[in-house]
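**Q** Could you have a look at this structure, given as structure tokens, before my questions?
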Amino acid sequence: MNENKIRVLMGKPGLDGHDHGAKVVVRAMMDAGFEVIYTGLRKTPRQIAEAASNENVDVIGLSSMAGSHIPFCEKLKPLLREYDLEDKLWIIGGNVPTKDHAELKDFGLDAIFPTGTHFNDIIDYIKSRYRQLA
Amino acid sequence: MTEYKIINESGIEVKELYTQADVDSSGGVDMVGLPGEYPFTRGIHKEMYRKRPWTMRQYTGFANAKDTNERFHYLIENGQTGLNVAFDLPTQTGLDTDDPMATGEVGRVGMAVDTLRDFEIAFDGIDLEKITVSLTINGSAAILIAMYLAMAEKRGYDVAKLRGTAQNDILKEFIGRGTWIFPVEPSIKLVGDTIEYCARHAPKYSPVSVCGYHIRESGATPEQEMAYAFCIAKAYADDMLKRGLHIDEFAGRLSYNFNIFGNLFEQVAKFRAGRSLWAKIIKEEYGAQNPKSMWLRMIAAGGGGGLTIEQPENNIVRGAYYALISALSGAQTMALCCYDEAYTIPSEYAQRISLRTMQMLTQEMGMCETVDPLAGSYYVETMTNEMRKKMEDTMAEVEAEGGIVKMVSEGIIQSKVSAQAYDMQKNIQSGAFPKVGVNCYQTDEDENEVEFHPYDTRDADQQIENLNAVKAERDQAEVDRTLAQVKADALADRNVMPAIVEAVKAYATVGEITNKLVEVYGYYQEPIRF
Chain D
3 MNENKIRVLM
13 GKPGLDGHDH
23 GAKVVVRAMM
33 DAGFEVIYTG
43 LRKTPRQIAE
53 AASNENVDVI
63 GLSSMAGSHI
73 PFCEKLKPLL
83 REYDLEDKLW
93 IIGGNVPTKD
103 HAELKDFGLD
113 AIFPTGTHFN
123 DIIDYIKSRY
133 RQLA
Chain X
1184 MTEYKIINES
1194 GIEVKELYTQ
1204 ADVDSSGGVD
1214 MVGLPGEYPF
1224 TRGIHKEMYR
1234 KRPWTMRQYT
1244 GFANAKDTNE
1254 RFHYLIENGQ
1264 TGLNVAFDLP
1274 TQTGLDTDDP
1284 MATGEVGRVG
1294 MAVDTLRDFE
1304 IAFDGIDLEK
1314 ITVSLTINGS
1324 AAILIAMYLA
1334 MAEKRGYDVA
1344 KLRGTAQNDI
1354 LKEFIGRGTW
1364 IFPVEPSIKL
1374 VGDTIEYCAR
1384 HAPKYSPVSV
1394 CGYHIRESGA
1404 TPEQEMAYAF
1414 CIAKAYADDM
1424 LKRGLHIDEF
1434 AGRLSYNFNI
1444 FGNLFEQVAK
1454 FRAGRSLWAK
1464 IIKEEYGAQN
1474 PKSMWLRMIA
1484 AGGGGGLTIE
1494 QPENNIVRGA
1504 YYALISALSG
1514 AQTMALCCYD
1524 EAYTIPSEYA
1534 QRISLRTMQM
1544 LTQEMGMCET
1554 VDPLAGSYYV
1564 ETMTNEMRKK
1574 MEDTMAEVEA
1584 EGGIVKMVSE
1594 GIIQSKVSAQ
1604 AYDMQKNIQS
1614 GAFPKVGVNC
1624 YQTDEDENEV
1634 EFHPYDTRDA
1644 DQQIENLNAV
1654 KAERDQAEVD
1664 RTLAQVKADA
1674 LADRNVMPAI
1684 VEAVKAYATV
1694 GEITNKLVEV
1704 YGYYQEPIRF
């Protein structure tokens, strides 16, 4: 693994088909020099945990637009333990209202990037956290 | 003269001033004509809104059939003239409520449907002759169209006279929106089955509404939105011709769904240009004789991509401009985005504001008094000519690259529009593309002023109980027999609609019917291409 290349999994959890945001953020991360693996639509929590494990990523990103982020993250949380991924950066973006942020943080989400977040804020956050972890 | 150039989203330069010379050099007024006459640039009907205003059809549906039925009645009491049904994601992707993949998603973004019983409850007390119903359903559209026809028949309506629409445009689901189920080829075959079945049994029903809308939301420019939609409609039409139908047997029931956000004049020109281009394609390429086959019938006024999370009340005003654009463009139906839609399922209050917005246009602003009021504007006529040329060029490009089906199957269109979406987002973030409240005129106020539609997990439990109750009551032998017939017809490459209609009448579930089709067709594998 190239030590200088941050590896990110961008996952689309559940049945939501709105992938505009996920794909745009993938492109921004690629432009920032990250290695990005995009899962495509309709992934189960286990598929996302498995992909993160197989691809040996540093960051697990989720994009959620249709409101099922809480039940999904609740199911993903124990799987991150099962796949020994608890030390990875876990972030989510999309239509994630402020009222849900505390609950998501309790699940272990490191950061939440609601719709409208600038690409630079996401990229800078990942870079700075990655440096801390490295 | 200003020193800088202005290029609209479709890539056309916008000049400081337009005169007759611009109209002439862009192609003149040969394609303008009169409303109700070929090539229909000015509208598909002679009298347009003077005879009948556009249908007001807000997108609605949540939790379960009972709650959705209540909202339908509320909207109708408030002057809505059509229904536009939103389904939850399990229904849209062919899963039953009790499927493990459906957990946490039941009833969240629309109404949950498992069996015909849900349709019976949802449309209870609604006069299906007065109120036309549009089903926003794609991957599982064949099943839900069958349910709608079966429900109407049970209530004593003559299906041969029944009006209504289903979205049922699967090719655009592969580009944006993403509620596909089967691979591309059998998906197109299923759309064809519904068109053929309706042409023979429900000739007033519009089985497909081809959507430029979601392609635009995924990053397409206005001219690409329309050009790609036409390529998709042609793919469905070609499938019909292969089945031996004549263009005039089905083209009149194809309709369209277009987006509206962006530059007002570019949008109006897009619709005027699109109407004449589609008429020309259907007449000249397909040899249609019936003028109705050449009509670009459309729903427009949505434009979620134009709405903002920031300062949500601004979206009320954006919605009013969208409705104005749509009225100036001669749309048949409007489903206006609600101001809270960037956050949540719209509240009753937000939906009433959208309805009132449209009613103000019809009642107070004189939008129904004269037809195609922007015609003859040097700018609008020039832009209409230039947009038509752009669309023709884009359609020719698609042909040159092997056609829309190939490009969608390989993920080429998806990659192209998503690259454009990325560029647009960068321009919004840099401020190069102004967005009020987002990159200019921002406020520091806490923006989460919108009330969220509640999600109650007990609704999902109740829906599972309802499903179990229907399963306990139904004649299982009849369910098994009809499901076996669905599979047999799919295997033999026959039209599966007659068998699906029988299966839904036996109260087979959306998931059971989908699974039979999956056994034959398999699942779609998404091409990942950046």
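From first to last, the protein sequence lines stand for chains D and X.
The opening position of the first sequence corresponds to residue 3 in my numbering, with each subsequent residue numbered one higher.
The opening position of the second sequence corresponds to residue 1184 in my numbering, with each subsequent residue numbered one higher.
Just so you know, even glycine gets a beta-carbon here, dropped at the ideal spot from N, CA and C.
All of these numbers come straight from a predicted model, not from anything done at the bench.
Below 8 Å, how does it come out for the region 1382-1396 of chain X and the region 1465-1477 of chain X: are there three or more Cβ pairs, yes or no?
**A** Too few Cβ pairs lie closer than 8 Å, so no.
**Q** Note down, in chain order, each residue of its chain lying with its Cβ closer than 8 Å to the Cβ of M1334/X, except the 5 sequence neighbours on either side.
**A** L1299, F1302, E1303, F1306, listed in sequence order.
**Q** From G1219/X to V1554/X, what does the alpha carbon distance come to, in whole angstroms?
**A** So the two alpha carbons sit approximately 10 Å from each other.
**Q** Residues of chain D with a CB under 8 Å from the CB of Y1526/X: which are they?
**A** Within 8 Å Cβ-Cβ: N97, P99.
**Q** Any beta carbon of chain D sitting closer than 8 Å to that of E1186/X?
**A** No, E1186/X does not count as interfacial toward chain D.
**Q** Under three-state DSSP, which class holds S1389/X?
**A** Three-state result, S1389/X: strand.
**Q** Please decide whether A1673/X counts as near chain D, where near means a Cβ-Cβ distance under 8 Å.
**A** Chain D, which has no Cβ nearer than 8 Å to the Cβ of A1673/X, makes this no.
**Q** Between which two residues does the alpha helix (DSSP H) harbouring V1206/X extend?
**A** Segment 1203-1208, the alpha helix (DSSP H) holding V1206/X.
**Q** Quick check on this structure: which residue in F115/D, Y85/D, L64/D, D33/D has the alpha carbon closest to the alpha carbon of C75/D?
**A** With distances taken between Cα atoms, C75/D lies closest to L64/D.
**Q** If I'm right that D1271/X touches G1694/X with Cβ under 8 Å, what's the distance once you round it to whole angstroms?
**A** Incorrect: roughly 13 Å between the Cβ atoms, too far for contact.
**Q** Sort E1493/X, K1573/X, Q1542/X by Cα distance to T119/D and report the nearest one.
**A** Out of E1493/X, K1573/X, Q1542/X, E1493/X has the C-alpha closest to the C-alpha of T119/D.
**Q** When you compare only the Cα positions, how much space is there between G13/D and K129/D?
**A** Using only the alpha carbons, I get a separation of about 19 Å.
**Q** Is DSSP giving W1461/X helix, strand or coil here?
**A** The answer is helix: DSSP assigns W1461/X an H, G or I state.
**Q** Closer than 8 Å is the cut-off here; do at least three beta carbon pairs connect the region 1643-1651 of chain X with the region 1335-1348 of chain X?
**A** At 8 Å Cβ cutoff, the stretches do not touch.
**Q** Below 8 Å between beta carbons is the criterion; list the residues of the region 4-37 of chain D that meet it against any residue of chain X, in chain order.
**A** So the close ones are G16, L17, D18, G19, H20, D21, H22, K25, V26, V28, R29, A30, M32.
**Q** Do you know how far the Cα of F1245/X is from the Cα of D1310/X?
**A** In a straight line, the C-alpha of D1310/X is about 21 Å away from that of F1245/X.
**Q** Would you please verify whether the beta carbon of F121/D is less than 8 Å from any beta carbon of chain X?
**A** True, the Cβ-Cβ gap to chain X drops below 8 Å.
**Q** Could you tell me whether the Cβ of T1362/X comes closer than 8 Å to any Cβ of chain C?
**A** No chain C is present in this structure, whose protein chains are D and X.
**Q** Can you give the beta carbon distance from G1322/X to T1276/X, rounded, assuming they're within the 8 Å contact cut?
**A** Yes, G1322/X and T1276/X are in contact; Cβ-Cβ is about 6 Å, under 8 Å.
**Q** Run through chain D and tell me which residues come within less than 9 Å of P1529/X, C-beta to C-beta.
**A** The premise fails here: P1529/X is roughly 14 Å from chain D at the closest Cβ pair, so nothing lies under 9 Å.
**Q** According to DSSP, simplified to helix, strand and coil, what is C1721/X?
**A** Outside the modelled stretch of chain X, which goes from 1184 to 1713, sits residue 1721/X, for which no answer is possible.
**Q** Let me check understanding here. Comparing Cα to Cα, which of S55/D, M32/D, D102/D lies closest to R83/D?
**A** The option with the nearest alpha carbon to R83/D is S55/D.
**Q** Going straight from the alpha carbon of I8/D to that of T41/D, what length do you get?
**A** Whole-angstrom Cα-Cα distance: 17 Å.
**Q** When the Cα atoms are used, what is the spatial distance from M3/D to L11/D?
**A** Confidence at M3/D is low in this model, with a pLDDT of 47, below 50, so its placement is unreliable and the value that follows should be read with caution. Each residue's Cα considered, the two are about 15 Å apart.
**Q** In or out: Q1450/X buried (at least 16 other Cβ within 10 Å) or exposed?
**A** Classification for Q1450/X: buried.
**Q** Pull up the distance between the alpha-carbon of I1596/X and that of I1358/X, whole angstroms please.
**A** Computed Cα separation, rounded: 7 Å.
**Q** Of all the residues that make up the region 1257-1283 of chain X, which are near chain D by a beta-carbon distance shorter than 7 Å?
**A** Here the close residues are L1272, P1273, T1276.
**Q** Where do the N-terminal and C-terminal ends of the alpha helix (DSSP H) with G13/D fall, by residue?
**A** Unbroken run through G13/D is the beta strand (DSSP E), 9-13; no alpha helix (DSSP H).
**Q** Going by CA-CA distance only, name the one from M1239/X, I1683/X, L1674/X that's closest to L1666/X.
**A** Looking at the Cα atoms, I1683/X is the closest of the given residues.
**Q** Between the C-alpha atoms of K1229/X and T1286/X, what's the straight-line distance to the nearest angstrom?
**A** Answer to the nearest angstrom: the Cα atoms are 51 Å apart.
**Q** Please identify the residue among A1579/X, I1353/X, M1231/X whose C-alpha is closest to the C-alpha of I1371/X.
**A** The shortest C-alpha separation from I1371/X is found at I1353/X.
**Q** Assuming the contact rule is C-beta atoms closer than 8 Å, T1404/X and E1192/X should be a hit. Round their C-beta distance to whole Å, please.
**A** With 8 Å as the limit, T1404/X and E1192/X qualify as a contact, their Cβ atoms being about 5 Å apart.
**Q** Pull out every residue of the region 76-96 of chain D whose Cβ sits closer than 7 Å to any Cβ of chain X, in chain order.
**A** Those would be none; no residue qualifies.
**Q** By the DSSP assignment, the alpha helix (DSSP H) with T1348/X in it spans what residues?
**A** T1348/X -> not in any alpha helix (DSSP H); beta strand (DSSP E) instead, spanning 1347-1349.
**Q** Take Y1232/X as the anchor and find which of F1365/X, W1461/X, C1551/X, T1315/X has the nearest alpha-carbon.
**A** Measuring from the Cα of Y1232/X, the nearest candidate turns out to be C1551/X.
**Q** With H, G and I counted as helix, E and B as strand and the rest as coil, what does DSSP make of M3/D?
**A** Confidence is the limiting factor: at M3/D the pLDDT is only 47, short of 50, which leaves the residue's position unreliable, though a coordinate-based value still follows. Here M3/D sits in coil by DSSP.
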